[in-house]
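In this note's numbering, the protein residues as written are 643 to 788.
Heads up, the thing below is written out as structure tokens.
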């Protein structure tokens with residue numbers, strides 16, 4: 643059903659919609675067909691880059707990072723997190739707290755404690771300012787020293 647809808651939308655040349663559907667397909671396929679998920683993520687990223695859709699680029703880049711984090715490949719995740727962080731910081735996006743938290747995890751995994759702690763502190767502060775104390779607790783559970 644998704645594939646048929648994707649083809650119908652392609653005929654209309656609604657590129658942002660195609661990119662969003664490709665992104666959604668990647669999320670659905672991540673656990674069952676990782677290579678196809680990566681293909682759909684790349685397709686979405688290419689489209690968002692072509693139309694200069696910064697929120698789309700950030701969302702797909704973050705999904706790439708999460709994919710590589712789940713595959714236990716923090717070095718591959720890091721450039722995608724950096725790109726997402728730059729876009730979110732430029733626009734002041736609230737989602738940057740999640741990116742900071744994931745960067746803290748990646749830097750922690752790579753053994754870069756100062757960077758990990760700095761990003762964990764930033765994530766904790768943003769979560770607290772948003773009243774997301776459940777996420778503050780999650781940060782503190784993983785990084786109890788902050």
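Virtual Cβ for every residue (Gly too), placed ideally from N, Cα, C.
| query | result |
| --- | --- |
| Residue 779 to residue 786 span [Cα, whole Å] | 9 Å |
| Closest residue to residue 695 among 657, 739, 757 and 676 (Cα-Cα distance) | 657 |
| Beta carbon proximity, residue 677 to chain C, threshold 7 Å | Note that chain C does not occur in the displayed structure, where there is just one protein chain. |
| Close beta carbons around residue 784, own chain, < 6 Å, minus the five adjacent residues each side | none |
| Residue 706 to residue 754 span [Cα, whole Å] | 21 Å |
| 7 Å Cβ shell around residue 746 - same chain, five flanking residues per side excluded | 758, 761, 762, 765 and 785 |
| N-terminal and C-terminal residue of the alpha helix (DSSP H) that residue 688 is part of | 676-692 |
| Touching by the beta-carbon criterion (3+ pairs, under 8 Å), the segment 731-750 and the segment 697-716 | yes |
| Entirely enclosed alpha helix (DSSP H) segments - the segment 713-749, minimum 4 residues | 716-733 |
| Residue 650 versus residue 661: straight-line alpha-carbon distance, rounded | Because residue 650 carries a pLDDT of 48, less than 50, the predicted location of this residue cannot be relied on, and the following value inherits that uncertainty. About 13 Å. |
| Residue 785 - DSSP class collapsed to helix/strand/coil | coil |
| Span separating the alpha-carbon of residue 733 from that of residue 663 | 24 Å |
| Distance, residue 736 Cα to residue 768 Cα | 8 Å |
| CB contact flag (residue 683, residue 702, <7 Å) | yes |
| Supposed close pair residue 723, residue 744 - CB separation, criterion 8 Å | 6 Å |
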